[in-house]
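Q: Okay, here's the structure, questions in a sec.
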């Protein structure tokens, strides 16, 4: 048996002792689903969806970006992003402006109304975040956020 085979065998044995309830990917997906449900329930009465709120937040928090850059930031295919931008634009929350560095490209920027609306909605979303993480102390919550940020950054 080679050293690699022995390592794989050890890993397999370790995994045999672990059920789905300890699988990181499964737990992240389940936690994400629960968090999305909380956010969806909070946003729906405000006439906003999770994806449109996420997109609005990104446009408010970062410098103006084109559709391709926004698609990467929100982890969507660019074709899925267009209807979201259209929806926000129809509501007067964002606008497409010419990119001064490339006139063929449009930048998506929040309007004054978009920034105001985002600030209002953010309070509601933060409330759902606190409710979702109610089993954690403040320090544990901050640590969880830091771990998730590191995990996401390592994949980019």
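Numbering (full-length UniProt numbering), first residue to last: 1 to 156.
Glycine included, every Cβ here is placed at the ideal spot set by N, Cα and C.
Give the C-beta separation of residue 124 and residue 42 to the nearest angstrom, bearing in mind that I take them to be a contact with Cβ-Cβ under 8 Å.
A: Right, the Cβ-Cβ distance comes to about 5 Å (below 8 Å), so this counts as a contact.
Q: Which same chain residues end up closer than 7 Å to residue 35 when comparing Cβ atoms and leaving out the 5 residues on each side of it in sequence?
A: Correct list, in chain order: 132.
Q: Taking its Cβ as the centre, do 16 or more other Cβ atoms sit within 10 Å of residue 107, making it buried, or is it exposed?
A: Buried, since its Cβ has 16 or more Cβ neighbours within 10 Å.
Q: On the three-state DSSP scale, how would you describe residue 23?
A: Residue 23: coil per DSSP, three-state reduction.
Q: Going by beta-carbon coordinates alone, are residue 46 and residue 88 separated by less than 9 Å?
A: No, these two residues do not count as a Cβ contact at 9 Å.
Q: Assuming residue 81 and residue 70 are in contact, meaning their beta carbons sit under 8 Å apart, how far apart are those beta carbons, in whole angstroms?
A: With a Cβ gap of about 6 Å, residue 81 and residue 70 count as contacting.
Q: Taking the continuous alpha helix (DSSP H) assigned at residue 129, which residues delimit it?
A: Counting along the chain, the alpha helix (DSSP H) containing residue 129 begins and ends at 112-132.
Q: Taking the alpha-carbon positions, what's the residue 102 to residue 114 distance?
A: Their backbone Cα atoms lie some 25 Å apart in a straight line.
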